[in-house]
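Single-structure report; data block below.
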Amino acid sequence: MIDSAKNREIALILYQMAELLELHDQNRFKIIAYSKAARAIESLNEDIEKLCRERKLQSIPGVGKAIAEKIEEYLRTGKIKSHQELLLQTPPGLAELLQISGLGPKTVSLLHEKLNITNLDELERAAREHRIRRLPRMGEVREKNILKSIERYRKRSGRILYSNAEPIVNEILAYLGRIEGLEHATAAGSYRRRKETVGDVDILATAERPEEIVAAFVRMPLVEEVLAKGPTKASVIMNDTIQVDLRIVEHRSYATVLQYFTGSKEHNVRMRQLALDRGYSLSEYSLTRLADGQELFFDREEDIYLTVGLPYIPPELREDRGEIEAALEGRLPKLVEEKDIRGDLHVHSDWSDGRGSIIELAHAARALGYEYIAFSDHSPSVGIAGGIVIERMEEKIKAVAEANESLDGITVLMGAEVDIKADGSLDYPDDILQRIDIVIASVHMAQQQNERAITGRLISAMENENVDIIGHPTGRIINQREPSAMDFAAVLEAAARTGTALEINAHPSRLDLNDVNARRAKEMGVLMCINSDAHDAAQLLNMKYGVNVARRAWLEKKDILNSMSLPALLRSLKERH
Ligand code: DGT
Ligand code: CA
Ligand code: CA
Ligand code: ZN
1439 MIDSAKNREI
1449 ALILYQMAEL
1459 LELHDQNRFK
1469 IIAYSKAARA
1479 IESLNEDIEK
1489 LCRERKLQSI
1499 PGVGKAIAEK
1509 IEEYLRTGKI
1519 KSHQELLLQT
1529 PPGLAELLQI
1539 SGLGPKTVSL
1549 LHEKLNITNL
1559 DELERAAREH
1569 RIRRLPRMGE
1579 VREKNILKSI
1589 ERYRKRSGRI
1599 LYSNAEPIVN
1609 EILAYLGRIE
1619 GLEHATAAGS
1629 YRRRKETVGD
1639 VDILATAERP
1649 EEIVAAFVRM
1659 PLVEEVLAKG
1669 PTKASVIMND
1679 TIQVDLRIVE
1689 HRSYATVLQY
1699 FTGSKEHNVR
1709 MRQLALDRGY
1719 SLSEYSLTRL
1729 ADGQELFFDR
1739 EEDIYLTVGL
1749 PYIPPELRED
1759 RGEIEAALEG
1769 RLPKLVEEKD
1779 IRGDLHVHSD
1789 WSDGRGSIIE
1799 LAHAARALGY
1809 EYIAFSDHSP
1819 SVGIAGGIVI
1829 ERMEEKIKAV
1839 AEANESLDGI
1849 TVLMGAEVDI
1859 KADGSLDYPD
1869 DILQRIDIVI
1879 ASVHMAQQQN
1889 ERAITGRLIS
1899 AMENENVDII
1909 GHPTGRIINQ
1919 REPSAMDFAA
1929 VLEAAARTGT
1939 ALEINAHPSR
1949 LDLNDVNARR
1959 AKEMGVLMCI
1969 NSDAHDAAQL
1979 LNMKYGVNVA
1989 RRAWLEKKDI
1999 LNSMSLPALL
2009 RSLKERH
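Count along the sequence shown starting at 1, add 1438, and that's the number in my numbering.
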C-alpha cells in the first residue's frame, strides 16, 4: 500500500521536472527523458524503495544513471535538489498553473508572455474577461474549460480547517466503533499533529475482518464519492470536500503504522535515520534489529521512541523543527494543556456585538472551570461591531462590579478590545484605559498598510502602558486574508521590552499568532495569552484550538498569561505598569 504511494510521489516529481524544464525552454532530450522515466515509474509493479536497496533502479525503462541518482536522493532525503532549484527559478504562481488540468508548459508560457499571467487569480480574471480566447490556438471552448478546471482545482487543493475536519473525524470514529470486530481506530496524519489545516484525514484501524470494515466505511452516509477501495483500505470524499483515507492494518504493526502515518514526513525521515544510527531499521511494519534481523513489534508508540533512545515526542512537535535534537538532549518542553487555562480574557458580550449577557457568559465560563473571564468588547471605531462609546464605559464598569457581587466561583474582569487606529493612536483616551483591568489592543482597520506603518502602529500601542495584550497580531484569516505586512522581529522586540503579551486568538479561522510565530515569541521571552474571542457561550469552547497552536509552538504553562491564577495575573499586570 505504502509502496505505491512512494512510486506515485516520485513519478509526480519527475513529471513536474519535465514540465518545469519545458517551461524554462531547456534541452528537449532531457525533457523527454524525465517524462519517460515518470511514466515507467507510474506503472511499475514493484516497490521503488526495494529496487533502490537492491541497486536495480536502472532496470526501470528510461531510468539512467542521472535519474537513478535523483531517485536515491529523494528516498534518502525526501527532496531532490535540482527539483527544488527548478522550483526556485520559477515564479511560484506559474508552477501552480501547471497543476491545472489542460494547461501544459506551452500554454503557460504563452499566457505568461502574451497576457503577463503569473498566478491562478490572474488566470481566472483573464478568462472571465475573455482575454484568453483571443490568443492563438485558444478559443472560446478552451477558455471555458480553463474556468472549469480552476474551479475543480480549487476544491481539490483547498486545505480544510482543523475545526471542520474534527466533527467528521469524530463521526467516523464513533461509526467504526459500533462495528463488531473493530479493535482500534484513530486519526493519524496532520490531524493528529493538530495542524491548523489538514490536507486529508488519515484513519487507521485494526480489525479481524478488514473487508467488512472497509465495506461499512464506504457506505457511511457522509460519503459522497469513493475514490478507491481495496481489501484493507479505501479513500473517499466526505462533505463535498474532505478526503478521508482509511487503512486497516495488522494488529501487531499498529504502533509502528501509527507512528509512520502520524508523520510528519520530515520527522519520519529523521527517525529512520536515527534508528539506523542506533542499529535498527524502522518501517511502518516493525522495527528490525540489524545485528540479527530480529523484527520487533510494539503495543505503544512510546516504546518505539524508547528503543531508539528517545523520550516520547508528542505528535504536535513532530515536524523536524528541532524536536529530535531536543529529545536527545532531554530538553523537550512540557507542553501546555487545556486544563492549564484558568480564564478567557477576550470575550464579547451584548455590550458590543456578542450574543449573551455578562452574567450568562460568566456562568458558561464557570461551567468550564475558569477562575476569571474578561469582557473585552469593541471600541467605537469598529462601527459594525457596535463598539461601546466612552459615555457608556462608566455604565459597563458598574455592570461588571454588580456582576461580581451576584456571582460566586468566578471573577468578571472589565476589559476592552481597543482599536489601534490607522495613525497608531488608540480608540479610547488614557484616562478610560486606566480604569480597565484587561486592555487588548487590535488592528481592525487599514490592515493593508505597508510594513512600516503596521509595525509602527503595533509598537506605539505596546508603548502605551495601559495596553496589556495585542489581539490577533497579524490579522490573517486562514484561506481568506493574508497576514498584514510587518517587521515581526521588531514587534517581538517591542513586546519583550514593554512586557506586552501577544494573543494566540483561538478562533479556528484566525489562530493568530500561528505556531511558528508563537514559537519565535517564546524564544524572545514574550508572554502569550490564548483567548477564544467568543461572541457567544458556545464559542468559549474554541479555546482548545488555540491550545493546539500553543502546543505546536512548544509553549509551556509558564509561557501563557492566562494560565496564571487570578492574583498572579493581576500582580503580573500591575508590575508591568
Ligand atoms: P496533510 O494531509 O497534507 O495535511 O499532511 P499529512 O502529514 O497528514 O500527510 P499525508 O496525508 O500525505 O500522509 C500522512 C502521513 O504519512 C505523513 O504525515 C507521513 C506519512 N508519509 C506519507 N508519505 C510519506 C513518505 O513519502 N515518507 C515518509 N517517511 N512518510 C510519509
Ligand atoms: Ca493527511
Ligand atoms: Ca493521506
Ligand atoms: Zn475580539
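Where a beta carbon is used, it is the ideal one built from N, C-alpha and C, also for glycine. Only a predicted model underlies this, so the values are computations on that prediction, with no experimental measurement involved.
Residue span of the alpha helix (DSSP H) that contains residue i, given as start and end
i	result
T1515	K1503 to T1515
S1673	First-last for S1673: K1671 to M1676, but that is the beta strand (DSSP E), not the alpha helix (DSSP H).
D1715	K1703 to D1715
R1759	Counting along the chain, R1759 falls outside any alpha helix (DSSP H), and DSSP gives it neither H nor E.
Q1681	No alpha helix (DSSP H) holds Q1681; the beta strand (DSSP E) holding it covers I1680 to I1686.
G1531	P1530 to L1535
N1943	Run containing N1943: none in the alpha helix (DSSP H); it sits in the beta strand (DSSP E), A1939 to N1943.
I1538	Taken as a continuous stretch (DSSP letters only), I1538 belongs to no alpha helix (DSSP H), as it is neither H nor E.
D1857	Taken as a continuous stretch (DSSP letters only), D1857 belongs to no alpha helix (DSSP H), being part of the beta strand (DSSP E) at T1849 to D1857.
D1953	D1953 to E1961
G1984	M1981 to R1990
Contact set for residue i: own chain, Cβ-Cβ below 8 angstroms, skip 5 residues either direction
i	result
Y1600	Y1629, R1632, K1633, E1634, T1635, V1636, P1946, Y1983 and N1986
E1798	A1975
L2029	Outside the shown range of the chain, which is 1439 to 2015, sits residue 2029, and nothing can be said about it.
D1997	V1774, K1960, L1965, M1966 and A1988
E1776	M1981, K1982 and V1985
V1501	A1475, A1478, I1479, L1495 and I1509
Beta-carbon proximity list for residue i, same chain, < 6 angstroms, skipping 5 on both sides
i	result
K1508	I1518
G1792	H1786 and H1973
V1820	D1857 and H1882
L1999	A1939, L1965 and C1967
8 angstroms contact criterion, which residue i and residue j should meet: CB distance rounded
i	j	result
M2002	D1782	The pair is not a contact, with the Cβ atoms about 13 angstroms apart (cut-off 8 angstroms).
A1653	L1642	About 17 angstroms separates the two Cβ atoms, so there is no contact after all.
D1875	G1909	Not quite, the Cβ-Cβ distance comes to about 15 angstroms (not below 8 angstroms), so this is no contact.
M1900	T1912	Rounded, the Cβ-Cβ distance is 15 angstroms, inconsistent with contact.
K1444	E1480	Contact doesn't hold; Cβ gap of about 12 angstroms is too wide.
I1598	V1682	Actually they are not in contact, since the Cβ atoms of I1598 and V1682 sit about 11 angstroms apart, beyond 8 angstroms.
A1693	V1746	Contact flag wrong, Cβ pair sits at about 13 angstroms.
V1674	V1695	That belief does not hold up - the Cβ atoms of V1674 and V1695 are roughly 20 angstroms apart, past 8 angstroms.
A1841	V1850	5 angstroms
Spatial distance of residue i from residue j (CA atoms)
i	j	result
L1864	P1530	39 angstroms
R1780	K1586	50 angstroms
G1731	G1717	10 angstroms
E1855	R1914	17 angstroms
S1497	I1916	46 angstroms
T1556	A1449	25 angstroms
R1466	E1618	58 angstroms
R1657	A1603	19 angstroms
R1948	N1483	45 angstroms
H1622	P1749	24 angstroms
S1970	Q1464	52 angstroms
M1439	E1560	Legend: pLDDT at M1439 = 35, less than 50; position of this residue unreliable, value from coordinates given subsequently. Distance between the alpha carbons of M1439 and E1560 is about 39 angstroms.
A1802	Q1527	54 angstroms
L1620	L1684	13 angstroms
P2005	E1733	55 angstroms
Start-to-end residues for the beta strand (DSSP E) that takes in residue i
i	result
Y1718	Y1718 to L1720
E1663	V1661 to K1667
G1615	Counting along the chain, G1615 falls outside any beta strand (DSSP E), though it belongs to the alpha helix (DSSP H) covering Y1600 to G1615.
G1781	G1781 to V1785
L1620	L1620 to A1625
N1888	No beta strand (DSSP E) holds N1888; DSSP gives it neither H nor E.
N1969	M1966 to N1969
S1819	Counting along the chain, S1819 falls outside any beta strand (DSSP E), and DSSP gives it neither H nor E.
R2052	With the chain represented from 1439 up to 2015, any question about residue 2052 goes unanswered, as that position is not in the structure.
I1641	V1639 to A1645
I2098	Within the shown structure, residues of the chain are numbered from 1439 to 2015, placing residue 2098 beyond reach of any answer.
Contact with chain E by residue i, beta-carbon distance below 7 angstroms
i	result
A1932	The structure shown has no chain E; it contains just one protein chain.
Same chain, Cβ closer than 7 angstroms to residue i, neighbours up to 5 away in sequence not counted
i	result
L1930	R1958, A1959, M1962 and V1964
V1905	V1877, A1879, A1899 and T1938
T1893	M1924, D1925, A1928 and V1929
R1895	I1858, G1862 and V1881
A1934	M1962, G1963 and V1964
C-beta contact flag for residue i and residue j at 7 angstroms
i	j	result
R1756	H1705	yes
D1741	R1708	no
V1881	I1897	no
P1543	L1452	no
Y1866	S1790	no
S1691	Y1723	yes
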